[in-house]
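Here the sequence shown stands for residues 53 to 171, where the numbers follow this note's numbering.
Even for Gly, the Cβ is constructed at its ideal location relative to N, Cα and C.
Worksheet: one structure, shown below.
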Amino acid sequence: MQRQYLRPSERYPVPLNENFWINIIYANSTGRSAAVAHEMDQIYASNVAAEVEKALRENKENIDSALMKQIAPSAVNITGIQYENLISLSFDHDELIRQEEKRRRRMREKIINTAFKKE
Numbered sequence: 053m054q055r056q057y058l059r060p061s062e063r064y065p066v067p068l069n070e071n072f073w074i075n076i077i078y079a080n081s082t083g084r085s086a087a088v089a090h091e092m093d094q095i096y097a098s099n100v101a102a103e104v105e106k107a108l109r110e111n112k113e114n115i116d117s118a119l120m121k122q123i124a125p126s127a128v129n130i131t132g133i134q135y136e137n138l139i140s141l142s143f144d145h146d147e148l149i150r151q152e153e154k155r156r157r158r159m160r161e162k163i164i165n166t167a168f169k170k171e
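Listed below in structure tokens is the structure:
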């Protein structure tokens with residue numbers, strides 16, 4: 053077989069030469085100083101920020117509706133619980149007194165009945 057048609061085995065990695073790191077460093081730094089790299093990073097960051105703001109503006113309605121779907125049920129439950137635990141402000145004093153007197157009369161009668169049953 054001719055060597056040009058052979059492929060390396062995929063099971064075994066190809067070893068790196070001794071100066072592999074020099075190629076990586078020079079490939080990334082050719083013609084770019086630190087200042088240029090910093091400027092490029094700032095431009096990239098501002099582009100990303102602009103894209104995010106644009107996506108937020110375009111999808112504001114969808115985001116708001118999704119948030120309301122999560123927030124609204126808990127807000128309704130809290131409001132409902134607050135109203136369930138309220139005491140009626142317009143209660144009848146006379147009715148309250150009648151109920152208390154009735155409860156005490158029943159207790160008194162029960163005590164008297166148990167006392168008569170023991171004798």
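Extent of the continuous alpha helix (DSSP H) run through residue i
i: Q56; result: Element bounds for Q56: n/a, residue is neither H nor E.
i: L148; result: 145-170
i: R109; result: 86-110
Whole-angstrom distance between residue j and residue i, CA atom to CA atom
i: R156; j: D144; result: 19 Å
i: I77; j: S126; result: 55 Å
i: M120; j: P67; result: 57 Å
i: D93; j: E105; result: 18 Å
i: V100; j: P65; result: 37 Å
i: E161; j: D146; result: 22 Å
i: M159; j: K170; result: 17 Å
i: E152; j: K112; result: 59 Å
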